Each structure stands twice: as C-alpha cells, then as structure tokens.
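A.B. asks:
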Amino acid sequence: NAGVTQTPKFRVLKTGQSMTLLCAQDMNHEYMYWYRQDPGMGLRLIHYSVGEGTTAKGEVPDGYNVSRLKKQNFLLGLESAAPSQTSVYFCATADRYNEQFFGPGTRLTVL
Amino acid sequence: KQEVTQIPAALSVPEGENLVLNCSFTDSAIYNLQWFRQDPGKGLTSLLLIQSSQREQTSGRLNASLDKSSGRSTLYIAASQPGDSATYLCAVSNAGNNRKLIWGLGTSLAVNP
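In structure tokens:
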C-alpha cells in the first residue's frame, strides 16, 4: 500500500522547457490536489480534481495544466517553465471526511 | 475571506516539556480543521482531523482542541521529545466549500535534548 507517490523527486529545467509531474494514489480517493510550497508563502493550491475526468482551478493556476484521465493518477504539466515556477510541488488526496494525504513532493528548479 | 494564523512562527523548548501550538481563523463557519506535521525536505503527515461538531481529538501524546466561536484551535504536545522537532501546520476547510483547505504558515518546533 504505497499511498500517494510522486514522480520525479527532483528535476532541473531550463526556462522554456516543458515537463509533466505524475501523482499516483492507491487509496481510491475521489479528490486530488496539486500544491506548491514556497518559503514564507505557505502552501498554495494550483489545481484540483473532484473525480476522474474533472479538473478545477485553484489559487495559482496560471502556467500550469492538469489532467485526470484515470482515478488513480493526477498529472501536472508545465508547458513553458519559468524561474518563478521554482518550488516544491506536492500532490494530495482526500477521503470522504476531507482528511488530506500528501505525497513526498517534487523539488523543481527552473534556471 | 478566511485567513489562518499560527503563532509563534518558531518555538524552541527543552525535552520533556509540555507545549501548546496555536492556530486562529477569522471565519467560524468551518467544515473541519486539520493539523499536519512536516519534517525538513519531506511531505506533510496528517496528525489530527477535527470536524466542526467536535471539540477535541487525541492521538497518543497529541491533543487538538477546537473552539469555533473564538476561531481558535490548539495542538497540545505532552512530554516533548527531540523526534517531535518539525514544522506543524494548521489548515481549515470552510463550510461553503469544504474541499479546499486554507493554510497557516506553520510553527517550526525545535525540541532540544
């Protein structure tokens, strides 16, 4: 029972490059979230999903896209990376009581 | 607009001390409140979840209380240990949109041997 996993753990990109972060869960939760965490700013919600095939914008969605083609996977895409997107990215799922469970994070640096 | 504040931002205590971490929120119409722990370079671990109808939750040496009318929650840690050193985060979900969390910035706790 792996819980919530994230791939990759670390990545360095050059400005303008694209990449996709993968979140996978085996908890059978409907709700999934992508956050970014920056020093002094706390956790900010990028996008979230209330079920397979659905996505919605969070607090800071610009520059990111997401897809939830399968219930167990939630993908976060950066089409043209910018230095401002240097951050630690966390994926989370939520059960029916809205208790959230987090992955280990992806540390992304954009040069 | 709901805002969550955690004071103090940092706390250093000697091992064995009982301590209280504070979380305050501006809108009392919450759905639930969660306390998380984050170790350096790691993800977040859920510690306690308190529904709006509950007054407190306990897990081992941890006890979280909720007072909606005053907009406050406290996390009590008994007999602190060096392994408790971490950042503790509080988050609330609103009654009107209970699937999004509003986060505090956390309290960084150091328990010294």
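Quick note, the sequences are listed as chains A and B, same order. Using our numbering, you'd call the opening residue of the first sequence number 705 and step up by one each time. Using our numbering, you'd call the opening residue of the second sequence number 1035 and step up by one each time. Positions of the beta carbon are idealized from the N, C-alpha and C atoms, including for glycine. All values derive from a computational prediction rather than experimental measurement.
Do A:Phe714 and A:Arg800 come within 8 Å of each other at the CB atom, strictly closer than that value?
C.D. replies: no
A.B. asks: Cβ of A:Tyr793 less than 8 Å from any chain B Cβ?
C.D. replies: no
A.B. asks: Give the straight-line distance between the Cα atoms of B:Gln1072 and A:Leu747, rounded to the nearest whole angstrom.
C.D. replies: 12 Å
A.B. asks: Which stretch, first to last residue, makes up the beta strand (DSSP E) that contains B:Asn1146?
C.D. replies: It spans Thr1141 to Asn1146 - the beta strand (DSSP E) in which B:Asn1146 sits, taken as one unbroken run.
A.B. asks: Ignore the nearest five residues each way along the sequence and tell me which others in B:Glu1149's own chain have a CB closer than 7 Å to its CB.
C.D. replies: Summary: the structure shown does not reach residue 1149 of chain B, with chain B confined to residues 1035 through 1147, and so no result is reported for it.
A.B. asks: Quick check for students: name the residue ranges of the beta strand (DSSP E) that lie wholly in the region 1049-1124 of chain B, counting only runs of 3 or more.
C.D. replies: 1053-1059, 1064-1072, 1078-1085, 1090-1093, 1096-1101 and 1106-1111
A.B. asks: So which residues on chain A does B:Asn1066 lean against when the C-beta distance must stay under 9 Å?
C.D. replies: Tyr801, Asn802 and Glu803
A.B. asks: Are the C-beta of A:Ala786 and some C-beta of chain B separated by less than 8 Å?
C.D. replies: no
A.B. asks: Would you verify that the beta carbon of A:Tyr768 is, or is not, closer than 8 Å to some beta carbon of chain B?
C.D. replies: no
A.B. asks: Got a sec, what are the start and stop residues for the beta strand (DSSP E) A:Leu737 sits in?
C.D. replies: Note that residue 737 of chain A corresponds to Tyr in the displayed sequence, not to Leu. Residues Tyr735 to Asp742.
A.B. asks: So that I know if they touch, is there some Cβ in chain A lying closer than 8 Å to that of B:Leu1139?
C.D. replies: yes
A.B. asks: Could you confirm whether any beta carbon from chain A is found closer than 8 Å to the beta carbon of B:Lys1076?
C.D. replies: It does; some Cβ of chain A falls within 8 Å.
A.B. asks: Is the Cβ-Cβ distance between B:Ser1046 and B:Arg1106 less than 8 Å?
C.D. replies: no
A.B. asks: Quick check: what's the CA-CA separation for B:Ala1144 versus B:Tyr1110?
C.D. replies: Cα to Cα, B:Ala1144 sits roughly 15 Å from B:Tyr1110.
A.B. asks: Nearest-angstrom Cα distance between B:Lys1134 and A:Glu803?
C.D. replies: CA-to-CA, the gap between B:Lys1134 and A:Glu803 works out to about 11 Å.
A.B. asks: Looking only at C-alpha atoms, which of A:Leu725, A:Met723, A:Ala798 and A:Ser791 sits nearest to A:Gly707?
C.D. replies: Shortest Cα-Cα distance from A:Gly707 to any of A:Leu725, A:Met723, A:Ala798 and A:Ser791 involves A:Ala798.
A.B. asks: Touch check for the region 709-727 of chain A and the region 770-788 of chain A: three-plus C-beta pairs under 8 Å?
C.D. replies: Verdict: yes, contact present.
A.B. asks: Less than 7 Å between C-beta atoms, sequence neighbours within five positions excluded: which residues of the same chain meet that for B:Asp1061?
C.D. replies: So the list reads Gln1036 and Asn1128, once near-sequence residues are dropped.
A.B. asks: How would you write the range of the beta strand (DSSP E) that A:Asn769 sits in, first residue to last?
C.D. replies: Segment Tyr768 to Ser771, the beta strand (DSSP E) holding A:Asn769.
A.B. asks: I want to verify the contact list: residues of chain A whose CB lies under 8 Å from the CB of B:Arg1133, in sequence order.
C.D. replies: Those are Tyr735, Tyr752, Val754, Ala798 and Asn802, listed as they occur along chain A.
A.B. asks: Per DSSP, which one or two residues make a beta bridge with A:Val708?
C.D. replies: A:Gln729
A.B. asks: Roughly how many angstroms separate the alpha carbons of A:Val792 and A:Leu815, rounded to a whole number?
C.D. replies: 15 Å
A.B. asks: CA-CA distance, B:Ile1104 and B:Glu1090?
C.D. replies: Reading off the sequence, residue 1104 of chain B comes out as Ser, not Ile. Using only the alpha carbons, I get a separation of about 15 Å.
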